[in-house]
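Student: Submitted below is the structure of interest, expressed as structure tokens.
In the working numbering, the protein residues as written are 285 to 906.
Structure below.
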């Protein structure tokens with residue numbers, strides 16, 4: 285079918301989300317008009333509203349990732365539980381390490397102080413300040429070696445059991461990286477790890493063995509003694525004192541002397557200084573800070589464990605909520621996909637896109653104040669139904685205006701069917717005017733000529749009945765038999781011709797009846813019909829034959845006009861003027877000439893011969 289266009293003109297810019305939604309509602313209402321095939325426009329380029337602009341579709345798109353998130357949470361419930369239990373276990377372990385580390389730090393502090401003492405007394409290099417030898421050097425050295433050996437073993441065991449796992453957990457931990465205190469604690473623990481890894485603790489252990497071998501009585505030397513053993517688990521026994529770097533004593537089996545331990549002490553001192561331990565007093569402060577850091581780490585780990593447990597619980601609840609929300613949104617997309625339920629929304633950022641600008645160039649004016657929709661109908665665009673449908677489309681369009689951005693917009697239509705509709709409407713208006721004017725003019729002429737009201741009335745009625753009969757026969761022949769609709773111009777044109785011709789013949793007939801009725805209406809009708817019937821019938825046949833000639837035209841409209849006029853003339857000739865009008869005149873009688881009163885002519889004597897007299901009979905004599 286041929287397209288029609290709905291034109292919307294607004295003082296506002298129509299390129300807004302709300303205006304587009306209102307225009308889509310207008311297009312939807314038009315699409316619901318019976319026999320509408322398709323409606324295209326900026327909101328429905330393909331004839332259907334944009335699926336991506338439907339709120340139900342958008343809700344479904346939001347529901348999909350929510351559903352995926354809910355599934356991910358439900359799938360990883362075991363992992364969440366493992367996370368909660370793992371964080372709780374970590375907090376417990378760190379709490380236990382906190383107590384063990386306190387003892388370890390005490391041991392390390394004592395160990396470093398003892399080494400500082402030994403190096404101060406027997407070292408050959410720069411000493412660690414802070415200690416002095418007591419009154420009994422040999423007893424002090426011997427006891428110090430035993431205590432240092434025990435403390436060194438405790439330090440190594442504590443490192444392997446507590447410090448190494450904690451340091452491993454803190455390395456690369458983003459939470460620790462973000463906390464300066466945790467970073468400082470981790471750095472101090474790393475110093476202990478370096479001492480464990482670079483052999484410093486091994487050297488201290490060997491030194492402790494040598495110290496334990498120093499006799500309290502210098503004159504009492506054992507004949508044989510076992511080789512010193514390392515207190516470090518997993519370490520091999522040293523072959524001799526030469527395993528201590530810098531040791532000059534090379535005689536195996538000989539008890540060590542305090543002076544011979546200077547190089548070993550210097551080597552250990554250098555290792556401790558390389559580890560950042562230069563002063564026992566500073567070490568005390570560092571160990572105190574380390575203990576405080578461990579305390580904070582323990583408290584924080586417990587808080588983290590509690591937070592993780594709460595997070596896991598809230599995540600599970602969130603998973604349930606996401607599942608419910610996604611189910612609702614997906615159901616909305618699935619069930620609310622009809623136009624009346626789907627809603628419509630185009631985000632503002634889409635309006636600046638290249639695709640929208642291309643579509644807007646077709647359906648919206650450059651200033652954005654005018655828009656058009658293409659409407660295609662299932663009806664024949666030349667049919668009366670299609671013309672009537674134009675009014676329905678306009679009514680549906682205007683029904684979408686109240687309380688919207690289109691409230692102050694003007695809505696119109698254009699197209700072939702709209703043009704035909706306008707022509708038909710104008711013609712019908714003109715036809716009504718023509719019919720009324722023709723009837724009144726002809727009636728007025730009859731009233732003036734006949735100087736009566738009754739006769740002109742039934743003469744006009746007879747002409748109208750004759751016209752309607754001919755028009756009805758034309759409808760039967762063309763529309764019902766031949767399947768052709770009468771052209772819109774046929775009724776008006778045939779009315780004018782039939783009324784004009786019929787009124788003329790009726791005027792001639794009734795005027796002759798009036799002239800022939802001084803002796804009575806009945807005799808006047810008889811004389812009139814007998815004297816003028818042949819002439820009027822011949823005139824009607826000639827006129828009808830002329831109209832029948834139009835039946836051979838190739839233009840359907842002319843064929844229809846000729847048939848209806850010819851039929852009307854024949855009906856008027858053989859039925860109306862021959863039967864209907866004479867019979868009505870006889871039945872009405874003298875009232876034909878009301879309100880005027882017909883006066884018979886006055887008898888006169890002819891001029892000439894005296895015996896030639898003419899008498900005039902009165903009407904009562906007839």
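Every residue gets a Cβ at the ideal spot worked out from N, C-alpha and C, and that includes glycine.
Less than 6 Å between C-beta atoms, sequence neighbours within five positions excluded: which residues of the same chain meet that for residue 876?
Tutor: Same-chain partners within the cutoff: 738, 739 and 869.
Student: Could you tell me which residues DSSP puts in a beta bridge with residue 697?
Tutor: Bridge partners of residue 697: 290.
Student: Among 332, 741, 674 and 304, which residue has its Cα nearest to the Cα of residue 865?
Tutor: Measuring from the Cα of residue 865, the nearest candidate turns out to be 741.
Student: From the DSSP output, in three-state form, read off residue 681 for me.
Tutor: Of the three classes helix, strand and coil, the one that applies to residue 681 here is helix, per DSSP.
Student: Should residue 763 go down as buried or exposed, given a rule of 16 or more other Cβ atoms within 10 Å for buried?
Tutor: Per the 10 Å Cβ criterion, exposed.
Student: By the 10 Å Cβ neighbour count, where 16 or more other Cβ atoms means buried, how is residue 712 classified, buried or exposed?
Tutor: Looking at its Cβ environment, which holds fewer than 16 other Cβ atoms inside 10 Å, residue 712 is exposed.
Student: What does the Cβ neighbour count give for residue 669, buried or exposed, with the cut at 16 atoms within 10 Å?
Tutor: Residue 669 is exposed by the Cβ-count criterion.
Student: Classify residue 539 as helix, strand or coil using the three-state DSSP reduction.
Tutor: Residue placement at residue 539 is flagged as unreliable, the pLDDT there being 48, under the threshold of 50; the coordinate-derived value follows with that caveat. Coil, per DSSP.
Student: Under the assumption that residue 733 contacts residue 743 (Cβ atoms under 8 Å), give the Cβ distance between them as a whole number of angstroms.
Tutor: That belief does not hold up - the Cβ atoms of residue 733 and residue 743 are roughly 11 Å apart, past 8 Å.
Student: Taking the alpha carbon of residue 692 as the point to measure from, which residue in 306, 315, 846 and 287 has its own alpha carbon closest?
Tutor: Per the Cα distances, 306.
Student: With H, G and I counted as helix, E and B as strand and the rest as coil, what does DSSP make of residue 640?
Tutor: Here residue 640 sits in helix by DSSP.
Student: Can you tell me which of 818, 635 and 823 puts its alpha carbon nearest to the alpha carbon of residue 302?
Tutor: If we check each option's Cα against that of residue 302, 635 comes out closest.
Student: In this structure, does DSSP put residue 717 in helix, strand or coil?
Tutor: In this structure, residue 717 counts as helix in the three-state DSSP scheme.
Student: In whole angstroms, what is the alpha-carbon distance linking residue 885 and residue 799?
Tutor: Any reading at residue 885 must be qualified, since the residue scores a pLDDT of 49, below 50, and its modelled position is unreliable; the value itself is stated next. Spanning the two alpha carbons is a distance of roughly 10 Å.
Student: According to DSSP, residue 325 sits in a beta bridge with which residue or residues?
Tutor: Answer is 328.
Student: To the nearest angstrom, how far is the alpha carbon of residue 844 from that of residue 832?
Tutor: The alpha-carbon atoms of residue 844 and residue 832 are separated by roughly 10 Å.
Student: Here's the rule: buried if 16 or more other CB atoms are within 10 angstroms of the residue's CB, otherwise exposed. What is residue 756?
Tutor: That one is exposed.
Student: Identify every residue that forms a DSSP beta bridge with residue 654.
Tutor: Answer is 293, bridged to residue 654.
Student: Run the CB neighbour count on residue 697, radius 10 Å, all protein chains shown included, and call it buried at 16 or more, exposed below.
Tutor: That one is buried.
Student: Looking only at its own chain, which residues have a Cβ that is under 7 Å from the Cβ of residue 718, when we skip the five neighbours before and after it?
Tutor: Result list for residue 718: 776 and 780, in chain order.
Student: Using 8 Å as the Cβ pair cut-off and three pairs as the minimum, do the segment 765-776 and the segment 822-838 touch?
Tutor: Contact fails: fewer than three Cβ-Cβ distances are below 8 Å.
Student: Does DSSP classify residue 648 as helix, strand or coil?
Tutor: Residue state, collapsed to three classes: strand.
Student: What residue from 314, 665, 852 and 871 has the CA that sits closest to residue 679's CA?
Tutor: The candidate whose alpha carbon is nearest that of residue 679 is 314.
Student: Give the secondary structure of residue 317 by DSSP, where H, G and I count as helix, E and B as strand, and everything else as coil.
Tutor: Reduced to three states, the DSSP call for residue 317 is coil.
Student: Is residue 299 near the ligand FAD, judged by its Cβ being under 6 Å from some heavy atom?
Tutor: Absence of the ligand FAD is noted for the structure shown, with no ligands found whatsoever.
Student: So, for residue 735: in the same chain, excluding its five sequence neighbours on each side, which residues have a beta-carbon less than 8 Å away from its beta-carbon?
Tutor: So the list reads 877 and 880, once near-sequence residues are dropped.
Student: Quick check: the Cα distance between residue 759 and residue 769, rounded to an integer number of angstroms?
Tutor: Roughly 8 Å separates the two Cα atoms.
Student: Mind checking which residues open and close the alpha helix (DSSP H) that includes residue 779?
Tutor: Note, residue 779: alpha helix (DSSP H), 774-799.
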